[in-house]
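Step one of this worksheet: look at the structure below.
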Amino acid sequence: MSSCRQAARPLAKCLRHDALQLRPFTTTPSAPAEVYKVVRDRPEGTPDPLELDPNTAVAPWAEKDLWKAGTPPVGSRRRRYAIRTSQNLPFEQLPYQAFQEARKILALDRQKKVEAIAAEVEKMRKIRETDVALFRGGEKKREMKLESIRRHIEHLKIQADINDPAVKRRFEDGLGDMTHQPVPHHPDILPKLTPKYDVELHFRRSKIPAGKILPSNLTEVAPRLRVQPFDAGERLVTVVIVDPDVPDTESDAFSKRCHFLAANIPVSPTDPSLPLGRLNRDAHIAVPYLPAFAQKGAPYHRLAIFILDQPGNKPLDIAALRAQYNKKTVTDESSSSSASTSTSSSSAVAAPAPATGFSLKSLRDKFALTPTGFTLFRTVWDEHTADVMHRAGVPGADVEFRPNRVYSMKPPKAPRGWEAKRQGPKYRHLWKYTKRIRGLSNAKGWIVKKRADGNGKRG
Numbered sequence: 001m002s003s004c005r006q007a008a009r010p011l012a013k014c015l016r017h018d019a020l021q022l023r024p025f026t027t028t029p030s031a032p033a034e035v036y037k038v039v040r041d042r043p044e045g046t047p048d049p050l051e052l053d054p055n056t057a058v059a060p061w062a063e064k065d066l067w068k069a070g071t072p073p074v075g076s077r078r079r080r081y082a083i084r085t086s087q088n089l090p091f092e093q094l095p096y097q098a099f100q101e102a103r104k105i106l107a108l109d110r111q112k113k114v115e116a117i118a119a120e121v122e123k124m125r126k127i128r129e130t131d132v133a134l135f136r137g138g139e140k141k142r143e144m145k146l147e148s149i150r151r152h153i154e155h156l157k158i159q160a161d162i163n164d165p166a167v168k169r170r171f172e173d174g175l176g177d178m179t180h181q182p183v184p185h186h187p188d189i190l191p192k193l194t195p196k197y198d199v200e201l202h203f204r205r206s207k208i209p210a211g212k213i214l215p216s217n218l219t220e221v222a223p224r225l226r227v228q229p230f231d232a233g234e235r236l237v238t239v240v241i242v243d244p245d246v247p248d249t250e251s252d253a254f255s256k257r258c259h260f261l262a263a264n265i266p267v268s269p270t271d272p273s274l275p276l277g278r279l280n281r282d283a284h285i286a287v288p289y290l291p292a293f294a295q296k297g298a299p300y301h302r303l304a305i306f307i308l309d310q311p312g313n314k315p316l317d318i319a320a321l322r323a324q325y326n327k328k329t330v331t332d333e334s335s336s337s338s339a340s341t342s343t344s345s346s347s348a349v350a351a352p353a354p355a356t357g358f359s360l361k362s363l364r365d366k367f368a369l370t371p372t373g374f375t376l377f378r379t380v381w382d383e384h385t386a387d388v389m390h391r392a393g394v395p396g397a398d399v400e401f402r403p404n405r406v407y408s409m410k411p412p413k414a415p416r417g418w419e420a421k422r423q424g425p426k427y428r429h430l431w432k433y434t435k436r437i438r439g440l441s442n443a444k445g446w447i448v449k450k451r452a453d454g455n456g457k458r459g
């Protein structure tokens, strides 16, 4: 009886089961069909403003238009697509519980940092109002304390907003303002330069691309420039070659050196060639050409060539330029030796020395020049540099720069491991099998042991 009931229960359950409801018919499209589709071809007529918005542009033609207009798209295409197809909610109001709870924790932490900043500012005020005589080190000690508090305040300012989601979002999107953080390690030769001329560089009939590293024997002769203006008429220009990477060991910095300075050079669209080695010395050259060189061990040197327009096409005073930028002279030993052997002259030839501490900004301001063209090449120490410096009468070919060793700030660690634990006299019988950490190792038989007969034996 029990087995019959067990078999009848599922059957009765099936008979009492209600009929399934029919699936209602609808013409509303499903969610995937409502997704925005990217149109790769440019639409006819006026495009939608959202298509040309840097935050929502996803079409390839819209991205090209934004790049040409100088307003590139923000972030990745996936990010812009998500912004366009989602609700226009502010970033701080995203409906995610974990996100909102994290923002509350960050807000409390920021409030603590702000209170700490206020306390440090109050401490600075009290230190300023305190008499200097109360400090054991005097005014110097007080300034040291104030500077320490200032650095701590700047650190707290950064820590207050370093985890802010809005700040991190702006940084990841490339919208952070970096204009107030200049790089002080690479000073500018000129603060601003708007090129108007096309300048080409040639050494010994070879066209040199900008920034190429050249051998010293190639740059021993003055280059030829091709200065191509794009407006009619002849004009007078000044040509300057500057090396901004001259090491200054006394100040642990870099200074600038003038390698060439010439003025009153005519240039026109029909005559762009400018051979610097063929210029008239008395009429144009203020600082003769000095070959490019870099001392051994120093990084590469950049030789920047500037073209500057003279105001009103008026000639400059070459004598004044020489007096200002070509004051020192040195004795060229190679010229002296060759002149002593010749019959025409037996005296040393005076050659102009490199003008160290040259400032192109000062030259531009004093003579009201306008920089309009630029190119450069680089040089490093090679096998020809010493001979080139000797022939040019430049000292320092025997000087070698070596980098300063930077020691680790971490404390030294004691030896560890199986060998470190068995360095004492207790384990003397194991020394010949292990690598000695302290002292001289005997693994290769370097320690001489005395025999009973007095003869020495290694091992």
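Mapping of the sequence shown onto UniProt numbering: residues 1 to 459, in sequence order. Glycine included, C-beta positions come from ideal geometry on N, C-alpha and C.
Using the Cα positions of T26 and L108, report the straight-line distance between them to the nearest angstrom.
-> Because T26 carries a pLDDT of 41, less than 50, the predicted location of this residue cannot be relied on, and no value is offered for it.
Got a sec? Which residues, its chain only, sit under 6 Å from A222 by beta carbon, not counting five neighbours each side?
-> Once the five neighbours on either side are set aside, the close Cβ partners of A222 are L276, G277, Y289.
Opposing strand residues paired with A262 [DSSP bridges] = V239, I285
State the beta-bridge partners of L376 as determined by DSSP.
-> A304
Who are the Cβ neighbours of E234 in its own chain at under 6 Å, not counting the five residues just before and after it?
-> P266, S268
Rounded C-beta distance between A286 and I241? I'm assuming under 8 Å.
-> Going by Cβ atoms, the distance from A286 to I241 rounds to 12 Å, so no, they are not a contact pair.
Which residues in the same chain have their Cβ closer than 7 Å to the Cβ of E51, if we skip the five residues on either side of it in sequence?
-> The residues are A57, A59, A62.
What residue ranges within the stretch 83 to 151 form continuous alpha helix (DSSP H) runs of no fewer than 4 residues, ordered along the chain?
-> 97 to 129
Quick one: what does DSSP say V406 is sitting in, helix, strand or coil?
-> coil
Mind checking whether N264 and A292 have CB atoms under 8 Å apart?
-> no
Could you tell me which of R125, L146, L94, R110 sits nearest to I158, measuring between CA atoms?
-> When only C-alpha atoms are compared, the closest one is R110.
Measuring alpha carbon to alpha carbon, tell me which of L89, G424, L308, L360 ends up nearest V199.
-> L308
In three-state DSSP terms, what is R391?
-> In the structure shown, R391 sits in a helix (DSSP, three-state: H, G or I).
Give the single residue among A69, V380, V227, M124 whose Cα lies nearest to the Cα of T270.
-> V227
What separation, rounded to the nearest whole angstrom, lies between the Cα atoms of V121 and I208?
-> 58 Å
Considering only C-alpha positions, which residue in the set R42, V114, A323, F367 is nearest to K314?
-> Taking only the C-alpha atoms, the option nearest K314 is F367.
Does the distance from the C-beta atom of K212 to that of F374 stay below 8 Å?
-> no
Among residues of its own chain, excluding the 5 on either side of W398, which ones have a beta-carbon nearer than 7 Å to its beta-carbon?
-> Strictly speaking, residue 398 in this sequence is Asp, with Trp absent from that position. Here the set comprises nothing.
Which residues in the same chain as residue 460 place their Cβ atom closer than 7 Å to its Cβ, once the five residues preceding and following it in sequence are excluded?
-> In the structure as shown, the chain begins at 1 and stops at 459. Residue 460 is therefore absent and cannot be evaluated.
Pull up the DSSP beta-bridge partners for L156, would you.
-> Beta-bridge pairing links L156 to no other residue.
Which of the three DSSP states, helix, strand or coil, is assigned to V199?
-> strand
Can you give the Cα-Cα distance for P247 and G424, rounded to whole angstroms?
-> 51 Å
Taking C-beta to C-beta, are N88 and V74 nearer than 8 Å?
-> no
Following the continuous alpha helix (DSSP H) through W359, name the residue where it begins and the one where it ends.
-> Residue 359 is actually Ser in this sequence, not Trp. Premise fails: S359 is in no alpha helix (DSSP H) and is neither H nor E.
Nearest-angstrom Cα separation, counted from R103 out to A82 | 22 Å
Apart from the five residues on each side of it in sequence, which residues of its chain come closer than 8 Å, Cβ to Cβ, to R150?
-> M124
Residue range of the beta strand (DSSP E) that L225 falls in?
-> L225 -> beta strand (DSSP E) spans 224 to 228.
Quick one: measure Cβ to Cβ for L225 and L274, integer angstroms, because I've assumed they're closer than 8 Å.
-> 4 Å
Give the range of the alpha helix (DSSP H) segment to which K64 is assigned.
-> K64 -> alpha helix (DSSP H) spans 60 to 69.
Output the distance between the C-alpha atoms of P229 and V237, rounded to the nearest integer angstrom.
-> 11 Å
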